[in-house]
Amino acid sequence: MPDLSILATPAPYHILTYGTLMGSTFFQSFVNGIIAYQALPKPMFSQLQQKIFPVYFTMQTALPAVLALTYPGSLGGSSSISGVLEKSNKWGVLVPLATMFVTGLANVAYIGPETTRIMRERKVQETRDGKKYYDPAPHSKEMQNLNIRFGRIHGFSAMTNLGGFIAMVLYGVTLASRIQ
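Number 167 in full-length UniProt numbering belongs to position 167 of the sequence shown; there are no gaps in the numbering.
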């Protein structure tokens with residue numbers, strides 16, 4: 001019978017939180033998003049992403065905070081936020097957790113809403129032009145500008161998401177080094 005007293009420590013919650021964050025990020029970024037883009041018509045894909053991204057980015061913001069709160073200190077080290085802030089944990093714990101939090105926050109607070117705003121502007125412009133943004137060229141000057149703005153903000157979101165994912169992998173290496 002396993003020792004259930006471990007449930008009174010932050011360690012299992014920390015590992016479960018990390019697994020949820022890493023798994024959901026990997027799945028959304030490298031599986032779900034790609035398959036949905038290939039399988040759905042552009043308008044349906046856009047609607048799906050508009051519903052998924054606020055939840056996804058909120059998780060990417062909240063779960064690193066939970067990781068900081070449940071950080072299980074090493075032998076003789078501090079747990080929770082005080083452990084995260086220990087000088088010896090700066091590069092392996094603090095920087096990756098802060099990076100994950102900041103990239104999630106950037107996406108949920110600014111980049112995601114700005115992307116959605118530009119998408120709505122394109123929808124209005126489609127009505128004006130009588131042509132979808134993804135139809136073959138030529139496009140109106142206004143639609144060309146909206147497509148450029150969307151491409152930039154979407155690329156910035158993807159790079160921000162990738163930065164958070166890299167931080168997750170690096171933090172996973174830190175966690176794995178403690179198992180040895």
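By construction, the Cβ of each residue, glycine as well, lies at the ideal position given by its N, Cα and C atoms.
Predicted model, so just to flag it, every value in this text is computed and none were measured.
query	result
Continuous alpha helix (DSSP H) stretch holding T115: start and end	112 to 129
Proximity to I81 [Cα-Cα], best of K123, V66, F30	V66
Span separating the alpha-carbon of G104 from that of N161	7 Å
Residue nearest to residue 245 in terms of C-alpha spacing, selected from A158, S5, L170, D3	The chain is shown from 1 up to 180; residue 245 falls before or after that span and cannot be answered.
Distance CB(A36)-CB(F26) smaller than 8 Å	no
Check: Y134 C-beta below 7 Å from any heavy atom of the ligand FAD	Ligands displayed in this structure: none; no statement on the ligand FAD is therefore possible.
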